[in-house]
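Engineer: Mind the numbering: the sequence shown is residues 1 to 197 in UniProt numbering, read in order.
The structure under discussion is supplied below as structure tokens; questions concerning it will follow.
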Amino acid sequence: MAVVSRGFGARRRESDPHLPPGQYLTEDFPVLSAGPTPRIDRAAWRFEIREGSELLAQWTWDEFVALGVEDVHTDIHCVTRWSKLGTSWRGVSIDTLLAGVDSTASYAMAHSYGGYTTNVPLAEMRDGRAWVAFEFDGAPLDPEHGGPARLLVPHLYFWKSAKWVHGLTLMQQDAPGFWEQNGYNMHGDPWTEERYW
């Protein structure tokens, strides 16, 4: 699977307390993708939550945005060592999406159009820590950055913020997603440099 990258223009600023160890500041928004960029029409987009084969919840685009949209201002950090500070997003909180979902699961696997997956502990997505975002910097999210919607888990390395997301599968036990099967850390905390196994 080819990795696409564009937009690197980083510089080191070691004294900045917002930069995790080993990270470089960028004003750009680099594009990294494992494979081609899928193009998904909002009319065809769905987001679903499953546990095993059971469908627990599902939304069309209009139903999804009607759940209530939040503004998110946050820093983001990529495992390839770039960080972008003070980014602005709009999306629906994972807390909102999980409200009313009856499960004792502790983990989730995010699924994307195009086949990408990544695992995230549910504790890392609750309590206002994660969203399904559809706007960046006041505009609809470009397909190259994961539009129409991507997972946003900004306190973890950005590979956990799956592009083109269309659902979560809730799991009792942790399991590796795409990059985790290929040597990336199961958790991905940039502050402790959980980059690889």
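For every residue, glycine included, the Cβ atom is placed at its ideal position computed from N, Cα and C.
Since we're looking at a predicted model, the values are computed, not measured.
Inspect the beta-carbon positions of THR118 and TRP179 and report whether they are closer than 8 Å.
Structural biologist: In this structure, TRP179 lies closer than 8 Å to THR118 by Cβ.
Engineer: In this structure, does DSSP put GLN181 in helix, strand or coil?
Structural biologist: In this structure, GLN181 counts as helix in the three-state DSSP scheme.
Engineer: Which same chain residues, not among the five before or five after LYS160, have their C-beta less than 6 Å away from its C-beta?
Structural biologist: So the list reads THR118, VAL120, VAL153, GLY188, once near-sequence residues are dropped.
Engineer: Could you tell me the boundaries of the alpha helix (DSSP H) in which PHE64 lies?
Structural biologist: Its alpha helix (DSSP H) spans residues 61-65.
Engineer: Got a sec, what are the start and stop residues for the beta strand (DSSP E) HIS192 sits in?
Structural biologist: For the sequence presented, residue 192 should be read as Thr rather than His. No beta strand (DSSP E) contains THR192, which DSSP labels as neither H nor E.
Engineer: Quick check: the segment 163-170 against the segment 97-114, are there 3 or more CB pairs under 8 Å?
Structural biologist: Flag = yes, the segment 163-170 and the segment 97-114 touch.
Engineer: Go through its chain and collect everything with a Cβ distance to ALA162's Cβ below 7 Å, but skip five positions before and after it.
Structural biologist: These residues qualify, in order along the chain: ALA110, SER112, TYR116, THR118, ARG150, LEU151.
Engineer: Please specify which runs of the beta strand (DSSP E), each continuous and at least 3 residues long, are wholly inside the segment 16-93, giving them in chain order.
Structural biologist: You should have 24-26, 31-34, 46-51, 54-60, 70-77, 82-93.
Engineer: What are the start and end residues of the beta strand (DSSP E) that includes GLY167?
Structural biologist: Where GLY167 is concerned, the enclosing beta strand (DSSP E) stretches over 165-171.
Engineer: Tell me where the beta strand (DSSP E) around PHE134 begins and ends.
Structural biologist: That run of the beta strand (DSSP E) goes 131-136.
Engineer: Helix, strand or coil for THR118 per DSSP?
Structural biologist: Three-state result, THR118: strand.
Engineer: Can you tell me which of PRO176, LEU55, LEU156, PHE29 puts its alpha carbon nearest to the alpha carbon of THR192?
Structural biologist: When only C-alpha atoms are compared, the closest one is LEU156.
Engineer: Just to confirm the assignment, what range does the beta strand (DSSP E) spanning SER112 have?
Structural biologist: Run containing SER112: 107-112, per the beta strand (DSSP E) assignment.
Engineer: Can you tell me whether GLN173 is buried or exposed, with buried defined as 16 or more other CB within 10 angstroms of its CB?
Structural biologist: So GLN173 counts as exposed.
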